[in-house]
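In UniProt numbering, the protein residues as written are 1 to 309. Here the structure is laid out as structure tokens; the discussion comes afterwards.
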């Protein structure tokens, strides 16, 4: 038994050293090339990138500005959205703090709302009933989130210098009682190109459909891999064209004018649009587009800017 415990300890210890080296010591280019090769079974060409995924990785390394950091910050980006398209598209903000001990029922409004960090990627803490929420557990979770920096593992520089805080926003719910569809408009050099629709994203039945700007199905898929090992492949069923599509596309183009490539996320709540977030490196440039030829076709639509490092 002692030998087993010793083995497990050493294995965990060595694994931590290995991960520390990967995330904090290994040069960015080498790290990203390793990840790309693992995903695509071929070398990453940073000197002459051609596919969309290659260009996304290139942008990670060579397109870094203060504006990227502002727009990746879920709190700071609100000022950018207000200036660009108007504050009526912002999800109502209930609370903002750097102190997790302030996240208590007495300081927060009536549910539903969501508690999240401004600097990480992923979901948050959904609150539908204050009396059924474990607030100690919530605070512990938020403490961990505030200490985490998303940059070392992702190499997405825009997250590196965000000053962490906690925000509490209204949880958007449609009249049917469901969380609304997530519309993500991928823009190339200020022009809307394709629309990603995530269906049932918080369930095991998460699908992702792809449409062009005329709301016709695209002939490819660009699926993410969830923690349960399932891919977010397209659904056999179509999603009804939103009545807000034209407005969504126009707003996305306004918000994308400062960037070579950006994904603009929206929620449509019973015909009212709310801004979600700006994402600069969809899936880190590490998920295949199938059929493979579409990775190149889409990549040809994205002229790269001058290096900004």
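Every residue, glycine too, gets a C-beta built ideally from N, C-alpha and C.
{"Asked": "For residue 15, which of helix, strand or coil comes out of DSSP?", "Found": "helix"}
{"Asked": "Report back the beta-carbon spacing between residue 55 and residue 304 to the nearest angstrom; my notes put them in contact at under 8 Å.", "Found": "6 Å"}
{"Asked": "With a Cβ-Cβ cutoff of 7 Å, do residue 245 and residue 192 count as a contact?", "Found": "no"}
{"Asked": "Give the straight-line distance between the Cα atoms of residue 36 and residue 152, rounded to the nearest whole angstrom.", "Found": "16 Å"}
{"Asked": "Determine the direct distance from the alpha carbon of residue 278 to that of residue 105, and round the result to whole angstroms.", "Found": "30 Å"}
{"Asked": "Please state the DSSP three-state secondary structure of residue 96.", "Found": "strand"}
{"Asked": "Alpha carbon to alpha carbon, what distance is there between residue 58 and residue 49?", "Found": "7 Å"}
{"Asked": "Could you pull out every residue in the same chain whose Cβ sits closer than 6 Å to the Cβ of residue 51, ignoring the five residues on either side in sequence?", "Found": "295, 296 and 299"}
{"Asked": "Could you compute how far the alpha carbon of residue 98 sits from the alpha carbon of residue 285?", "Found": "32 Å"}
{"Asked": "Just verifying my parser: in three-state terms, what is the DSSP assignment at residue 207?", "Found": "strand"}
{"Asked": "What does the Cβ neighbour count give for residue 16, buried or exposed, with the cut at 16 atoms within 10 Å?", "Found": "exposed"}
{"Asked": "Determine the direct distance from the alpha carbon of residue 130 to that of residue 61, and round the result to whole angstroms.", "Found": "43 Å"}
{"Asked": "Look up residue 226 in the DSSP assignment and give the residues it is bridged to.", "Found": "Looking at the DSSP assignment, residue 226 forms no beta bridge with any residue, so it has no partner."}
{"Asked": "Give the DSSP-derived three-state secondary structure of residue 40 in the structure shown.", "Found": "helix"}
{"Asked": "Going by DSSP in three states, residue 68 sits in which element: helix, strand or coil?", "Found": "helix"}
{"Asked": "Alpha carbon to alpha carbon, what distance is there between residue 190 and residue 154?", "Found": "25 Å"}
{"Asked": "Leaving out the 5 sequence neighbours to the left and right, which residues in its chain are closer than 6 Å to residue 232 when beta-carbon positions are compared?", "Found": "206, 208, 223 and 224"}
{"Asked": "Which residues share a DSSP beta bridge with residue 272?", "Found": "269"}
{"Asked": "Going by C-alpha to C-alpha distance, which of 82, 32, 216 and 167 sits closest to residue 75?", "Found": "167"}
{"Asked": "Can you tell me whether DSSP reads residue 254 as helix, strand or coil?", "Found": "helix"}
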